[in-house]
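Notes for the one structure printed next.
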Amino acid sequence: MGDPVTDYTARLQQQEREIQSLSAEIESLKNPQDLSSSPRLDELREENAKLKYRLNILKRSLQEERTYCSKSMMNINQRLQEVFGEAIRASCPELDNPPLAVTPNQQAKFGDYQCNSAMAMAQMLKAKGIKVNPREIAEKIVQNLPDNELTQKTEIAGPGFINIHLKRSFVSKLLSNLLINGVQPPPLASKKRVVVDFSSPNIAKEMHVGHLRSTIIGESMSRLFEFLGHDVLRLNHVGDWGTQFGMLIAHLQDKFPDYLTVSPPISDLQAFYKESKKRFDEEEDFKKRAYQCVVRLQSKEPDFIKAWNLICDVSRREFQKVYDCLDIQIIERGESFYQEMMTEVVKEFEEKGLLQLDEGRKVVFVPGQPIPLTVVKSDGGYTYDTSDLAAIRQRIFDEKADVIIYVTDSGQGTHFQVVFAAAQMIGWYDPQVTRVEHAGFGVVLGEDKKKFKTRSGDTVRLMDLLEEGLKRSMDKLKEKERDKVLSQEELIKAQRSVAFGCIKYADLSHNRINDYVFSFDKMLDDRGNTAAYLLYAFTRIRSIARLANIDEATLRKAAETTEVILDHDKEWKLGKCILRFPEILQKILDDLLLHTLCDYLYELATTFTEFYDSCYCVEKDRQTGEVVKVNMWRMLLCEATAAVMAKGFDILGINPVQRM
Ligand code: ARG
1 MGDPVTDYTA RLQQQEREIQ SLSAEIESLK NPQDLSSSPR LDELREENAK LKYRLNILKR
61 SLQEERTYCS KSMMNINQRL QEVFGEAIRA SCPELDNPPL AVTPNQQAKF GDYQCNSAMA
121 MAQMLKAKGI KVNPREIAEK IVQNLPDNEL TQKTEIAGPG FINIHLKRSF VSKLLSNLLI
181 NGVQPPPLAS KKRVVVDFSS PNIAKEMHVG HLRSTIIGES MSRLFEFLGH DVLRLNHVGD
241 WGTQFGMLIA HLQDKFPDYL TVSPPISDLQ AFYKESKKRF DEEEDFKKRA YQCVVRLQSK
301 EPDFIKAWNL ICDVSRREFQ KVYDCLDIQI IERGESFYQE MMTEVVKEFE EKGLLQLDEG
361 RKVVFVPGQP IPLTVVKSDG GYTYDTSDLA AIRQRIFDEK ADVIIYVTDS GQGTHFQVVF
421 AAAQMIGWYD PQVTRVEHAG FGVVLGEDKK KFKTRSGDTV RLMDLLEEGL KRSMDKLKEK
481 ERDKVLSQEE LIKAQRSVAF GCIKYADLSH NRINDYVFSF DKMLDDRGNT AAYLLYAFTR
541 IRSIARLANI DEATLRKAAE TTEVILDHDK EWKLGKCILR FPEILQKILD DLLLHTLCDY
601 LYELATTFTE FYDSCYCVEK DRQTGEVVKV NMWRMLLCEA TAAVMAKGFD ILGINPVQRM
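All residue numbers for the sequence shown refer to full-length UniProt numbering, where the first residue is 1 and numbers rise by one.
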């Protein structure tokens with residue numbers, strides 16, 4: 001016996017070939033002009049009908065095998081779009097690019113999904129001078145629907161909406177697949193090399209809340225791409241190069257002259273930075289020496305490299321504390337990595353005649369862009385622009401990136417827009433081939449809706465913020481008297497899970513484009529769309545089986561043998577909601593807006609509650625409280641819900657705990 005997957009694949013391939021040759025044959029039968037009087041005509045027509053019939057059966061079984069034998073989760077919306085797309089094209093050959101709109105339906109009475117293309121198609125036809133009623137178009141679409149594995153029936157409503165009802169057996173089968181195979185990504189069309197540039201604080205300066213947003217969002221985006229099967233390179237583009245290092249080193253030489261042999265205790269690098277900046281602004285001699293230090297650092301004099309490394313290390317250790325708390329994986333590849341490449345970049349622009357002189361600076365003007373890029377300053381130094389040009393070039397040519405995403409505050413939008421335009425102008429990439437995007441985000445505000453600051457008006461240190469989160473989360477757990485039920489170890493785990501989960505979720509659940517108000521009270525509230533609510537909901541679902549004494553082995557066995565019945569309205573609603581996971585991820589892949597995943601998880605949790613409130617999973621004896629009946633298919637629905645939630649948490653970077 002061969003491996004079933006290989007067997008199936010071989011069968012599928014053979015069927016695909018057969019379909020192709022049948023299609024070709026039908027194609028050749030389509031043109032019966034000269035045959036109108038031929039005695040062969042009837043014969044051909046009959047043959048044609050048979051072929052069509054057989055083709056449909058083959059197509060259908062091919063789809064079914066695809067659905068049922070694949071381990072990956074099907075994107076139902078996408079599949080409906082394929083089916084409806086075919087019908088739409090067949091109904092309206094006049095339109096080259098007919099609009100394809102299929103969306104899930106919130107209100108059950110209108111079916112499970114809806115296709116709204118008919119109205120837009122009528123508009124498009126009208127523009128071409130063809131007057132058709134959208135309802136008529138809808139009717140045509142329905143008539144042209146190919147035989148398929150997932151729709152039960154369709155109804156036309158209102159001006160031309162098509163309500164789509166899914167087959168229960170289909171949904172049930174997909175749920176069984178999910179339970180057997182686990183939550184798998186949808187099939188991967190092509191594996192991409194993805195660079196995510198995120199976090200990227202500046203050495204010697206404090207990592208601020210803006211960097212916190214970038215860190216949280218970038219980590220989650222990376223996880224999403226990884227889950228979908230892509231090859232992700234997470235890069236920390238730290239600001240570790242530039243003139244400020246001259247003054248830092250000059251100051252280091254004065255304050256810790258033996259820094260070459262003894263590690264200097266610059267625990268407060270921020271203060272150290274401030275002192276050196278002050279001297280730089282006030283002392284003429286110091287300023288001169290600072291400039292010399294920059295030159296000597298750039299020419300890689302060992303003592304200067306050593307001093308620079310010392311300073312970077314102090315910052316690095318600080319950043320790492322934040323990354324450890326938030327479980328962030330990232331490779332440091334700061335601006336200094338691109339030093340030599342910056343020289344090459346300037347040369348390349350120069351040789352292509354794209355550099356202009358402007359008051360001693362070398363600048364690049366990109367047609368259509370609001371500002372030029374400064375690639376060489378009047379003192380000969382490079383800038384943030386130069387390093388980003390070098391970085392994008394390195395990512396395209398050396399890293400062979402297919403996708404490059406930059407996660408920073410929206411304030412840097414213009415900078416990236418011009419950098420991308422310059423890179424296209426010089427011919428480094430074609431936006432049709434390489435996806436290069438700035439995923440910008442709004443600023444973090446305090447509860448007073450003003451810029452996030454401490455009471456005394458200083459910027460908030462991230463570690464202080466995270467520590468306050470821990471404290472508040474412990475207070476909350478104690479308020480709920482969880483310390484009385486959980487072991488010390490469990491309590492600490494729950495504390496970290498809630499604190500860091502809430503901080504991340506609060507950020508991710510807001511549309512990143514908007515500013516967002518940082519509020520511990522809101523994020524730790526266990527009602528509403530918060531991590532606290534979801535984490536509690538999750539542990540509750542996980543405990544249902546445990547409290548009914550059903551072990552994992554039993555559930556695993558049941559997944560293979562028990563049909564997931566979806567007769568009750570709430571079972572049906574939950575089943576469909578669970579299966580929307582792949583379409584949610586697909587959408588985020590397109591727009592990089594992670595709050596859609598949070599909204600979905602919240603919807604899943606509330607849909608679950610509705611189900612749980614009206615459908616008994618286990619039935620107990622009223623007197624003894626003993627379990628008298630287990631409705632295993634419902635236990636399976638609990639399992640499937642929990643599995644999708646767990647995967648969702650994983651993508652958001654949230655760590656659920658067993659007990660809390
Ligand atoms: N260090 C910069 C800052 O703190 C962010 C760098 C973002 N990445 C990039 N390739 N420019 O604002």
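We treat Cβ as the ideally placed atom computed from N, Cα and C, and that holds for glycine. Keep in mind it's a predicted model, so treat the numbers as computed, not measured.
| Distance CB(Val375)-CB(Leu357) smaller than 9 Å | no
| message | Counting C-beta neighbours from all protein chains within 10 Å, is the total for Gly653 16 or more, i.e. buried, or is it exposed? | response | buried
| By Cβ distance, which residues of its chain are closer than 7 Å to Met1, with the 5 residues on each side in sequence left out? | At Met1 the pLDDT is 43, less than 50, meaning the model places this residue with poor confidence and gives no usable figure here.
| task | Determine the closest residue to Phe245 out of Arg461, Phe272, Ser263, with distance taken between C-alpha atoms. | result | Phe272
| query | Whose C-alpha, out of Ile651, Asp448, Val644, is nearest the C-alpha of Val183? | reply | Val644
| task | Please go through the UniProt domain "DALR anticodon binding" (534-660) and give each complete beta strand (DSSP E) segment of 3 or more residues, from N-terminal end onward. | result | 618-620, 627-630
| message | Give me the residue from Cys502, Lys255, Ala642, Leu579 with the minimum Cα distance to Ala537. | response | Ala642
| task | Return helix, strand or coil for Met1, following the three-state DSSP convention. | result | Legend: pLDDT at Met1 = 43, less than 50; position of this residue unreliable, value from coordinates given subsequently. Looking at Met1 - three-state DSSP - the assignment turns out to be coil, as it is neither helix nor strand.
| field | Whole-angstrom distance between Thr243 and Asp388, CA atom to CA atom | value | 17 Å
| Cβ-heavy atom distance, Ser473 to ligand 1, below 8 Å | no
| Sheet register partners of Ala118 (DSSP bridge) | According to DSSP, Ala118 bridges with nothing at all.
| message | Quick check: is any heavy atom of ligand 1 less than 8 Å from the C-beta of Ser200? | response | yes
| query | Leaving out the 5 sequence neighbours to the left and right, which residues in its chain are closer than 7 Å to Arg296 when beta-carbon positions are compared? | reply | Phe304
| query | Tell me the DSSP bridge mates of Tyr406? | reply | Asp197, His438
| field | Asp42 - DSSP class collapsed to helix/strand/coil | value | helix
| message | Quick check: does the Cβ of Asp402 come within less than 8 Å of any heavy atom belonging to ligand 1? | response | no
| Less than 8 Å between the CB of Val238 and some heavy atom of ligand 1, yes or no? | yes
| task | Would you check if the distance between the CB atom of Glu206 and the CB atom of Gln270 is smaller than 9 Å? | result | yes
| task | Quickly, what does DSSP pair Asn236 with across the bridge? List them, please. | result | Glu332
| task | Rank Ser543, Trp241, Phe84, Arg542 by C-alpha distance to the C-alpha of Val311 and give the top, closest one. | result | The question names Val, yet the displayed sequence has Ile at residue 311. Looking at the Cα atoms, Trp241 is the closest of the given residues.
| Taking Cβ to Cβ, would you say Asn148 is nearer than 9 Å to Arg60? | yes
| For Ile162: DSSP bridge partner residues | Cys115, Ile156
| query | How many whole angstroms separate the CB atoms of Phe161 and Gln114, which I take to be in contact at a CB cut-off of 8 Å? | reply | 6 Å
| query | If you draw a straight line from the C-alpha of Asp448 to the C-alpha of Ser519, how long is it? | reply | 10 Å
| request: Within its chain, find whatever has a CB closer than 8 Å to the CB of Val345; leave out the 5 residues flanking it on each side and keep chain order. | output: Val375, Thr386, Leu389, Ala390, Arg393
| query | Is Lys71 helix, strand or coil when you go by DSSP? | reply | coil
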